Amino acid sequence: MTKKQIDPLERVAAEMKKCVKCGACRAHCPAFSTFQREPATARGKVALAQHLCKGDITLDDGTYSAMSKCLLCGSCVEKCPNQVPTDEIVIAAREALAQRRGLTTFHKAVGQVIKNRKVMNFGALAAAVLGPLFFRKVPATSGLRLRFPMPFLGGSRHIPQIAKKPFMKRHPEVIQGEPGKPRIVFFVGCMTNFVYTEIGEATLALFRHLGCTVIIPKGQQCCGLPGMSGGDLDTVRELAEMNLAAMEAHEADYVMTACATCGGALHKLYPLVVGKRNPELKQRLQALADKTVDAAVLLQKLGLAPEETGAGAGMRITYHDPCHHRTAGITKQPRALLNKTPGLELVEMEGADRCCGLGGTFNVYHYESSLDINASKSAAIIATGADAVVTGCPGCIMQLSDGLKQAGDKTKVLHTVELLARKMRR
Amino acid sequence: MLDARILQQLTEIVGSENIAATPQDLICYGYDATQMEFLPDCVVHPDGSEEVSRILKLANQEGFPVFPRGAGSGFTGGALPKGGGVVLVTTRMNRILRIDTDNLVAEVEPGVVTETFQMAVEKLGLFYPPDPASLKFSTLGGNVAECAGGPRAVKYGVTKDFVMGLEVVLPTGEVIRTGGETVKGVVGYDLTKLICGSEGTLGVITKIIFKLLPYPDAKKTMLTVFDSIDGAARAVSTIIKNKIIPTTLEFMDHATLTCVERRFNLGLPDSGRAVLLIEVDGDRELIEKQAGQIHKLIEPLGLVQFRVAKDAAESEELWRVRRLVSPSLRDVNPDKFNEDIVVPRSKVPDVIRRIEVIQKRYDIPIVNFGHAGDGNIHVNIMIDKRVPGELEKAHEAIKEVFQAALDLGGTMSGEHGVGLAKQPYIPMELSADQVAAMKAIKAALDPKNILNPGKMLPV
Ligand SMILES: Cc1cc2nc3c(=O)[nH]c(=O)nc-3n(C[C@H](O)[C@H](O)[C@H](O)COP(=O)(O)OP(=O)(O)OC[C@H]3O[C@@H](n4cnc5c(N)ncnc54)[C@H](O)[C@@H]3O)c2cc1C
Ligand code: SF4
Ligand code: SF4
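Sequence order for the protein chains is V and S. No gaps in the numbering here: position 278 of the first sequence is 278 in full-length UniProt numbering, and each next residue is one more. No gaps in the numbering here: position 49 of the second sequence is 49 in full-length UniProt numbering, and each next residue is one more.
Structure representation (structure tokens):
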């Protein structure tokens, strides 16, 4: 192995030593819960990464496969008595793998597509026109599927409808609010832009209701998380810089996102993946991270009164915590908003904090396992008897909808902002 | 090394999905919580006694060693394949076979996770008390094999006190049942007790029959802080002398408190030198009374704080102090030796004093906490392995700690077992004749020494 390939792992060498192989992560790792084999646990991945550094094993298919069995959900990190950052260790191992073997065809395609929104627009458009039919006619093994920009295709999965017109195409770059009110940069994210445009519309409606100026920078790109899942950190770095430039171009009080995954990228991943060798960039990314805030958190902070948005109307709901929210400490705020909404009854499901099983591109490689993790989630949701499950991440929304549909259940899946803006004019 | 023919035969027994020999699998079944590492030649995941039996018969025929493994959370290396061989993992045998609410017994497979079982019986208003700190991930098979204990042992006892019967595959492959589900039974030797705590050297446990209790009505948690270690230790014996048996009497010494406080700022009083976490359970009225009695009894012993939890949430808050111990120890030094000596309850203050002397003599931090209610103290010797000479010092100190426990009528290990880690010290506790008797049992059951060889008894 060359120096460069070991590099990403060297970055986390000290962290790996903290793992005492106690096994506590077996209780919390969703990947282990489905695979039931030790290499899928956090400590297994840490042990493999340690052996990689020693050169005892190589970055071959076996290691690749073990490292792919991680949802990067962060449960192990939260519960580990020694705070071993297994998610960061897996990211480093995947980067080392990508440097050595090159990216897989799939991840290469992901990288190319997410780096260029123009390709994405084209793909999204084609998909919207052809709809799910398009996929039924293309065999699962066809490379054509990889051209489709969304990294979430699998056998029997229910593919969400692609929007006819992306969210960002529908709105000007700056939507002027009242003078003296906060100026907010909206980081939209691919899922909202191309698939769940109603989340974008709802977010917009709520912040306009508060009189804020909302800026939707045209130059913004994919956050890069799908690239990270495959170890394509170069793409992540490139996207980080492009997004940074797009956000910095506007004077604003906050950078806001309604996607937990995008939030995780801006908030944690960007400063992490840019090395000390580039202190100036790292500092700017840290400043961006500090400014980044989740939509629900910001709505609460700015004093949204849910009774004024008319969201109410007798409904029983349950709330799912997206991993990227949970690990960022965002659990109370969305619930507080929902609890304040007249007529809404919030019932907690068992294991609201457990991963839904999406895990970036995990569910592309391990669709069956991802469904298995999702199945217990669906069961917990159904057991609450709620009319809708509410969450703060479009990725989770897609996964939860898929799981509930597979279970033959009709519970609605909504984003917090969608629920809050239900009765508002768009 | 196993040749291709043996691998083929093992594959036929467990199916190709359930055998693994890639370098990745070998690495991931070569460690446990001791952080020692020995790579096996292959890993099998059998389901049921028949497959286990066939594997052991093959092993006898071909002469390869087999190492039973549960969750690999052991503290003494019991599941590690030293010298290579086949690791036999129980993960797939994870069914709770039945919970009999008429007779208060349950039958389970060995791979069931301790907490999963506890929750299942609690849903029916029943209680399985053994609660090792590893209960969220350890397996019941591993618990039986190590005779695991936990904070509730003061009142309820340890794993073996709840095992009524077993299905065991002997090292030579015969499947036997031991014990049963009757409250009484004296026909033949008590093989159930023999297998409990045998660390996977006398047979592979494939089914367990547990005794259950009714779930206690209520519990009450108290956090008590003393101005001296002696006060805390005397509190333990005073409570028990007055015929109150709490569920739990967890103890933390000053060094432990300093660690926890430094990292988590819990606001424990400065004058505190030791903490006892006390829990009583049972009838609601009775425990109210007991809590009051306990307070009165320990008041004169240098008590500087007495907190009672009003509800489950507050109880959890008090337990937090104890749970934070392990994560905060690392601040003292990066490496730790976690020993678990036991002395008669009344000797707890003496043993702590002797450990203080050892600590001064070797000049290495020793942090003590644990289950004072049953005299089981976790002695954590904290070193930095990178510093030359520290490791040797630690080994010497451990020896002296064991000697202290033995001098006071105690034992080297209350619950973690011997495995590989404590093997060298065995002659300090067991006489040559005792060891010979144990070796005779092992040789009778495992003439070819294929099941977990090289563990527990000195070689
Ligand atoms: C953080 C932490 C806290 C802990 N706290 C406690 C505690 O409070 N109390 C306590 O007693 N222990 C404690 N332990 C130690 C450990 O969890 C226990 O010894 C536990 O019983 C081991 O279970 P396991 O499934 O991990 O077994 P393993 O470690 O896999 O195996 C342990 C031994 O059991 C044998 N074995 C496993 N399954 C079988 C079977 N089916 N048939 C025959 N032999 C078998 C193995 O060969 C080995 O010798 C703790 C460990 C950790 C890491
Ligand atoms: S990652 Fe953490 S929880 Fe898992 S074995 Fe290592 S130290 Fe224990
Ligand atoms: S990040 Fe999630 S899936 Fe990955 S090792 Fe940790 S708990 Fe398991």
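Glycine included, C-beta positions come from ideal geometry on N, C-alpha and C. Only a predicted model underlies this, so the values are computations on that prediction, with no experimental measurement involved.
| task | Measure from the C-beta of Gln118(S) to each C-beta in chain V and report whether the shortest distance is under 9 Å. | result | For the purposes of this step, residue 118(S) is taken as residue 118 along the second sequence, with counting starting at 1. By this cut-off, Gln118(S) is not an interface position.
| said: What ranges does the beta strand (DSSP E) occupy inside the segment 427 to 451 of chain S, keeping only unbroken runs of at least 3 residues that lie completely in it? | reply: Counting only runs of 3 or more, we get nothing.
| Roughly how many angstroms separate the alpha carbons of Glu418(V) and Cys396(V), rounded to a whole number? | Mapped onto the first sequence, residue 418(V) falls at position 418. Mapped onto the first sequence, residue 396(V) falls at position 396. Approximately 14 Å between the Cα atoms of the pair.
| task | Write down every uninterrupted run of the beta strand (DSSP E) in the segment 179 to 255 of chain V whose length is 3 residues or greater and which is fully enclosed by it, in chain order. | result | With a minimum length of 3 residues, the unbroken runs of beta strand (DSSP E) contained wholly in the segment 179 to 255 of chain V fall at 183 to 187 and 213 to 215.
| Can you tell me whether DSSP reads Gly263(V) as helix, strand or coil? | The residue you call residue 263(V) lines up with position 263 of the first sequence. In the structure shown, Gly263(V) falls within a helical segment according to DSSP collapsed to helix, strand and coil.
| said: What I want to know is whether the C-beta of Cys29(V) ends up closer than 8 Å to one or more non-hydrogen atoms of ligand 3. | reply: Reading the first sequence from its first residue, position 29 is the one you call residue 29(V). Correct: Cys29(V) has its Cβ closer than 8 Å to ligand 3.
| field | Three-way DSSP call (helix, strand, coil) for Phe226(S) in this model | value | Along the second sequence, one-based indexing puts residue 226(S) at 226. DSSP places Phe226(S) within a strand segment (E or B) once states are collapsed to three.
| Hey, does Cys53(V) have any beta-carbon neighbour from chain S nearer than 9 Å? | In the first sequence, residue 53(V) corresponds to position 53, counting from 1. At a cut-off of 9 Å between C-beta atoms, Cys53(V) does not count as an interface residue with respect to chain S.
| said: Does the CB of Ile373(V) have a neighbour CB from chain S at under 9 Å? | reply: Translated into the one-based positions of the first sequence, residue 373(V) becomes position 373. No, its Cβ sits nowhere closer than 9 Å to a Cβ of chain S.
| Buried or exposed by the 16-neighbour rule on C-beta atoms within 10 Å, applied to Glu201(V) | Position 201 of the first sequence, counted from the start, is the residue given in the question as residue 201(V). Looking at its Cβ environment, which holds 16 or more other Cβ atoms inside 10 Å, Glu201(V) is buried.
| Within chain S, the residues that Thr34(V) reaches when beta carbons sit closer than 8 Å | Within the first sequence, residue 34(V) is the residue found at index 34, counting from 1. From the beta-carbon of Thr34(V), no residue of chain S is found nearer than 8 Å; the closest lies around 12 Å away.
| said: Under 8 Å: does the beta carbon of Ala372(S) sit that close to some heavy atom of ligand 3? | reply: Counted from its first residue, the second sequence places residue 372(S) at position 372. Every heavy atom of ligand 3 is 8 Å or more from the Cβ of Ala372(S), so no.
| Nearest residue (CA-CA) to Pro300(S), options Val351(S), Asp227(S), Asn333(S) and Arg345(S) | The residue given as residue 300(S) occupies position 300 in the second sequence. Closest option to Pro300(S), judged by alpha-carbon separation, among Val351(S), Asp227(S), Asn333(S) and Arg345(S): Asp227(S).
| Within the chosen definition, does the segment 186 to 199 of chain S reach the segment 246 to 261 of chain S through at least 3 CB pairs nearer than 8 Å? | By the C-beta criterion, the segment 186 to 199 of chain S is judged not to be in contact with the segment 246 to 261 of chain S, since fewer than 3 inter-stretch pairs fall below 8 Å.
| Which chain S residues sit within Cβ distance under 7 Å of Gly44(V)? | Translated into positions along the first sequence, residue 44(V) becomes position 44. Chain S residues near Gly44(V): Cys28.
| field | the segment 262 to 277 of chain V contacting the segment 303 to 321 of chain V, beta-carbon criterion three pairs below 8 Å | value | Counting C-beta pairs closer than 8 Å gives fewer than three between the segment 262 to 277 of chain V and the segment 303 to 321 of chain V, which falls short of the contact rule.
| query | At what residue ranges does the segment 308 to 347 of chain V contain a whole run of the beta strand (DSSP E), taking only runs of 3 or more? | reply | Those beta strand (DSSP E) runs which fall completely within the segment 308 to 347 of chain V and span 3+ residues are 315 to 319 and 344 to 346.
| query | Pick from Arg284(S), His295(S), Leu276(S) and Glu285(S): whose alpha carbon is nearest that of Trp319(S)? | reply | Your numbering for residue 319(S) matches position 319 in the second sequence. When only C-alpha atoms are compared, the closest one is Leu276(S).
| said: For chain V, check one thing: does any of its Cβ atoms lie closer than 9 Å to the Cβ of Glu51(S)? | reply: As a first step, residue 51(S) must be located in the second sequence, where it is residue number 51. Closer than 9 Å: no.
| In this structure, does DSSP put Ser68(V) in helix, strand or coil? | To locate residue 68(V), count along the first sequence from 1; it is residue 68. Here Ser68(V) sits in helix by DSSP.
| message | Counting only Cβ-Cβ distances shorter than 9 Å, please list the residues of the segment 79 to 111 of chain S near chain V, keeping chain order. | response | The segment 79 to 111 of chain S vs chain V, Cβ under 9 Å: Val89, Thr91, Arg92 and Asn94.
| task | Would you please state the rounded distance, in angstroms, between the beta carbons of Ile239(S) and Arg345(S)? I believe it to be under 8 Å. | result | Taking the first residue of the second sequence as position 1, residue 239(S) is located at position 239. Taking the first residue of the second sequence as position 1, residue 345(S) is located at position 345. In fact, because the Cβ distance is near 10 Å, the residues do not count as touching under 8 Å.
| said: Against Asp25(S), what residues of chain V qualify as contacts under a CB-to-CB distance less than 7 Å, listed in chain order? | reply: Here the question's residue 25(S) lines up with position 25 in the second sequence. Near Asp25(S) (Cβ distances below 7 Å), the residues of chain V are Pro39.
| Under 8 Å from any heavy atom of ligand 1, does the C-beta of residue 466(S) make it? | The requested residue 466(S) does not occur in the structure, where chain S is confined to residues 1 to 459.
| Option nearest Asn333(S) by Cα separation, candidates Asn82(V), Lys45(V) and Ala336(V) | In the second sequence, residue 333(S) corresponds to position 333, counting from 1. Ranking Asn82(V), Lys45(V) and Ala336(V) by Cα distance to Asn333(S) puts Asn82(V) first.
| task | Check distances from the C-beta atoms of the UniProt domain "4Fe-4S ferredoxin-type" (61 to 90) of chain V to those of chain S and list, in chain order, the residues that come in under 7 Å. | result | From the UniProt domain "4Fe-4S ferredoxin-type" (61 to 90) of chain V, only Gly62, Thr63, Ala66, Pro81 and Asn82 have a Cβ closer than 7 Å to chain S.
| query | Buried or exposed: which applies to Pro171(S), given that a residue is buried once 16 or more other Cβ atoms fall within 10 Å of its Cβ? | reply | As a position in the second sequence, residue 171(S) is number 171, starting the count at 1. Pro171(S) should be labelled buried.
| query | Which residues in chain S sit within 8 Å of Cys323(V), going by Cβ to Cβ distance? | reply | In the first sequence, the residue the question calls residue 323(V) occupies position 323. In chain order: nothing, as chain S lies at least about 19 Å away.
| What is the residue span of the beta strand (DSSP E) that Thr248(S) lies within? | One-based indexing of the second sequence puts residue 248(S) at position 248. Looking at the DSSP string, the run of the beta strand (DSSP E) that includes Thr248(S) is Thr248 to Met252.
| field | From Cys223(V), Lys282(V), Ala383(V) and Gly231(V), residue whose alpha carbon lies closest to that of Gly263(V) | value | Residue 263(V) sits at position 263 when you count from the first residue of the first sequence. When the alpha-carbon of Gly263(V) is set against those of Cys223(V), Lys282(V), Ala383(V) and Gly231(V), the nearest one is in Cys223(V).
| message | If we define contact as Cβ-Cβ less than 9 Å, is Met1(V) a contact residue for chain S? | response | Position 1 of the first sequence, counted from the first residue, corresponds to residue 1(V). Below a pLDDT of 50, predicted positions are generally treated as unreliable, and Met1(V), at 47, falls in that range; no measurement from the model is reported.
| task | My understanding is that Thr203(V) touches Ala295(V), with C-beta atoms under 8 Å, so please give their C-beta distance in whole angstroms. | result | Within the first sequence, residue 203(V) is the residue found at index 203, counting from 1. Within the first sequence, residue 295(V) is the residue found at index 295, counting from 1. Between Ala295(V) and Thr203(V) the Cβ distance is about 5 Å, and since that is below 8 Å, they are a contact.
| field | Stretch-stretch touch, CB-based, cutoff 8 Å, three pairs: the segment 368 to 382 of chain V with the segment 28 to 38 of chain V | value | Here the segment 368 to 382 of chain V lies against the segment 28 to 38 of chain V, with 3 or more beta-carbon pairs under 8 Å apart.
| How many angstroms separate the CA atom of Ala79(S) from the CA atom of Phe67(S)? | Residue numbering aside, residue 79(S) sits at position 79 when the second sequence is read from its first letter. Residue numbering aside, residue 67(S) sits at position 67 when the second sequence is read from its first letter. Approximately 6 Å between the Cα atoms of the pair.
| Just the Cα atoms here: how many angstroms apart are Glu285(S) and Ser401(V)? | Reading the second sequence from its first residue, position 285 is the one you call residue 285(S). Reading the first sequence from its first residue, position 401 is the one you call residue 401(V). Answer to the nearest angstrom: the Cα atoms are 49 Å apart.
| request: Keeping to the same chain, check which residues put their C-beta closer than 6 Å to that of Glu345(V); ignore five residues upstream and five downstream. | output: For the purposes of this step, residue 345(V) is identified with residue 345 of the first sequence, where counting begins at 1. Within its own chain, the residues whose Cβ lies closer than 6 Å to the Cβ of Glu345(V), once the five positions on either side in sequence are excluded, are Arg316, listed in chain order.
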